[in-house]
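Okay, so here's the structure we're looking at.
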């Protein structure tokens, strides 16, 4: 484990053309790498419009899908760790919302299938039923790398404090959430969730959103951010397409945990 | 269970004289009752300076202690539910940080002994060791009343998302935390914790702080607040001695849980 670690979060605009999305993701990964990022992170459903009908249509199988091949190839060429946001993944008759994670050798070192599906009827009138076309994953994902131990989950998964706690107890130092909150839940809850998960677990949290696109069927909030274990926002995007960077000092985790030993103070006899 | 419910939170100044504190608490409870509050809430260690040496000295036994008798008597006279902040409670050789809860008949219907003791060395230089003189409680506290089901825990207890979840699963609709965050943790974390516990659990949260007193050995943050299940702050004090009021609509809990069914979506097979 090293000390300072530069990461890049690509808040890309997702269109309804898969090829355009793949090309744009690759460009942004290249830019983030050129700027010195050793871990690069893409948003949720970066190759696909966020709509239940689109998911099966845009879905790919591992390892042959074209998006998956781009991720593998780019991670290897650029010698980076790549958290490939998420894409619709087909396996048999099922489709998952899946994040594929690659190492600098181009090896797939982990994948997370979104555990909690987003089935809601928001006060703004927005309804969404991921379960209409998606199946849920069934495990927490923590990937150990020589740079850091990464917890990876997707968007609505952050709503459940149990999962962030579980990833932390499995050793995750950075909790990474490719995500696409919307214009109702984003302004209301996005920031507090990333801050409080970081503070409760004394880890870094990363929210990697797609850029806000008013032409899309689902308008995502943007505001990709990185929060440190004390709850400070150390990098934050606005709503536009851009890359944000953070320098992560993993030793800060140990310092905070020494000062305020929350994890030691848990009463596991009671809950 | 009824619909709208007025509660009053007494952000009182705590002095080093027990009699003054008891008298002041009684005055504030009377004022809150006169203003229509049906549940009145006091802050943590409202009869006692927040210092480990003071705890044993100010401690009282149930039911004979003078603070406890005042709470019982006032709840009955004013016909209110009274969450008696907390006081040092002696039982045998042990001292606890305990919240006594009374109904309008003056009956003690619940008590919470702080589960998580505040033993920290903060970056500001502030060190505190509650465990030097206090013993921890060993259960979550939910008190059912005809007005609402109240979860009661104390200050540092809010740091642990597991406890708020447990109280919620036991049916609590309002999570009440008598508390005394300080000038390091208060500005950094107080608001986000009350907001996120409310949003994660889709309940109301109440933080009842003592007023900021720069003459005290431990300077509390103040900022008593009430947060609704969508994360909106519906009442908030500044740092001064004052009472804040909130009108709580318990039906809002059901509405939010219908729209965003977080509790149903928990994956209890995984955590």
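Residue numbers (my numbering), protein chains in the order written: chain A, 1 to 271; chain B, 272 to 542.
Note that beta-carbon positions come from the ideal geometry of N, C-alpha and C, so glycine has one too.
Treat the numbers as computed from the prediction; the structure is a model and nothing was measured.
Ordered along the chain, which non-local residues of its own chain (more than five positions away) have a Cβ less than 6 Å from that of residue 275(B)?
518, 520
Rounded to whole angstroms, what's the CA-CA distance from residue 75(A) to residue 190(A)? Just pull it up for me.
29 Å
Is it the case that the stretch 288-306 of chain B contacts the stretch 420-429 of chain B, given that we only count it when at least three CB pairs across the two stretches are under 8 Å?
no
Mind reading off the beta-carbon distance from residue 513(B) to residue 332(B)? Whole number of angstroms is fine, and I expect it under 8 Å.
The pair is not a contact, with the Cβ atoms about 32 Å apart (cut-off 8 Å).
When the Cα atoms are used, what is the spatial distance from residue 495(B) to residue 301(B)?
19 Å
Between which two residues does the beta strand (DSSP E) containing residue 161(A) stretch?
Taken as a continuous stretch (DSSP letters only), residue 161(A) belongs to no beta strand (DSSP E), being part of the alpha helix (DSSP H) at 161-169.
My understanding is that residue 377(B) touches residue 412(B), with C-beta atoms under 8 Å, so please give their C-beta distance in whole angstroms.
19 Å between Cβ atoms; not a contact.
Between residue 213(A) and residue 13(A), how many whole angstroms is the CB-CB distance? I'm expecting something under 8 Å.
5 Å
Please name the residue in 374(B), 415(B), 314(B), 351(B) whose C-alpha comes closest to that of residue 358(B).
314(B)
Segment limits, beta strand (DSSP E) that includes residue 245(A):
242-249
DSSP three-state label for residue 427(B), please.
helix
Between the Cα of residue 370(B) and the Cα atoms of 342(B), 433(B), 471(B), 487(B), which residue gives the shortest distance?
342(B)
Selection from 467(B), 447(B), 361(B), 277(B) that minimises the alpha carbon distance to residue 335(B)
361(B)
Identify each residue in the stretch 153-165 of chain A for which the Cβ-Cβ distance to at least one residue of chain B is less than 9 Å, and report them in chain order.
156, 159, 160, 161, 162, 163, 164, 165
Residues in the stretch 87-115 of chain A with C-beta within 7 Å of chain B's C-beta atoms, listed in sequence order?
115
Short-range partners of chain A found in the stretch 388-400 of chain B, where Cβ spacing is below 8 Å
388, 390, 391, 392, 393, 394
Taking residue 473(B) as the query, report the chain A residues whose CB atoms sit under 7 Å from its CB, ordered along the chain.
Those do not exist, as residue 473(B) stays about 10 Å from chain A at its closest Cβ, beyond 7 Å.
I'd like the list of long-range same chain contacts for residue 24(A), defined as Cβ closer than 6 Å, with 5 residues on each side in sequence excluded.
12
If you reduce the DSSP assignment to three classes, tell me which class residue 379(B) lands in.
strand
Let me check understanding here. Comparing Cα to Cα, which of 46(A), 41(A), 52(A) lies closest to residue 135(A)?
52(A)
Alpha-carbon spacing of residue 491(B) relative to residue 447(B), whole angstroms:
17 Å
Run through chain A and tell me which residues come within less than 9 Å of residue 501(B), C-beta to C-beta.
123, 188, 189
Would residue 266(A) count as contacting chain B if we go by Cβ distances under 8 Å?
yes
Return the residue from the list 500(B), 474(B), 390(B), 356(B) that minimises the CA-CA distance to residue 220(B).
Beyond the ends of chain B as shown, which are 272 and 542, falls residue 220(B); an answer cannot be given.
Closer than 8 Å to chain A by CB, residue 542(B)
yes
Chain A partners of residue 466(B), CB-CB under 7 Å?
192
Best match in 117(A), 41(A), 122(A), 271(A) for proximity to residue 174(A) [C-alpha to C-alpha]:
41(A)
Please name the residues in the stretch 245-261 of chain A whose beta-carbon is closer than 9 Å to at least one beta-carbon of chain B, in chain order.
255, 256, 258, 259, 260, 261
Out of 393(B), 539(B), 402(B), 531(B), point me to the one whose CA is closest to residue 119(A)'s CA.
531(B)
Residues, ordered as in the chain, of the stretch 403-419 of chain B that lie near chain A by beta-carbon distance below 8 Å
407, 409, 410, 411
Select from 138(A), 166(A), 93(A) the residue whose C-alpha is nearest the C-alpha of residue 55(A).
93(A)
Alpha-carbon to alpha-carbon, residue 516(B) and residue 305(B)
12 Å
4 or more residues per run - each alpha helix (DSSP H) lying fully within the stretch 475-537 of chain B
522-530, 533-536
For residue 227(A) and chain B, any beta-carbon pair shorter than 8 Å?
no
How would you list, in chain order, the residues of chain A whose beta-carbon sits under 8 Å from the beta-carbon of residue 490(B)?
Those do not exist, as residue 490(B) stays about 18 Å from chain A at its closest Cβ, beyond 8 Å.
Taking 8 Å as the threshold (beta carbon to beta carbon), is residue 85(A) in contact with chain B?
no
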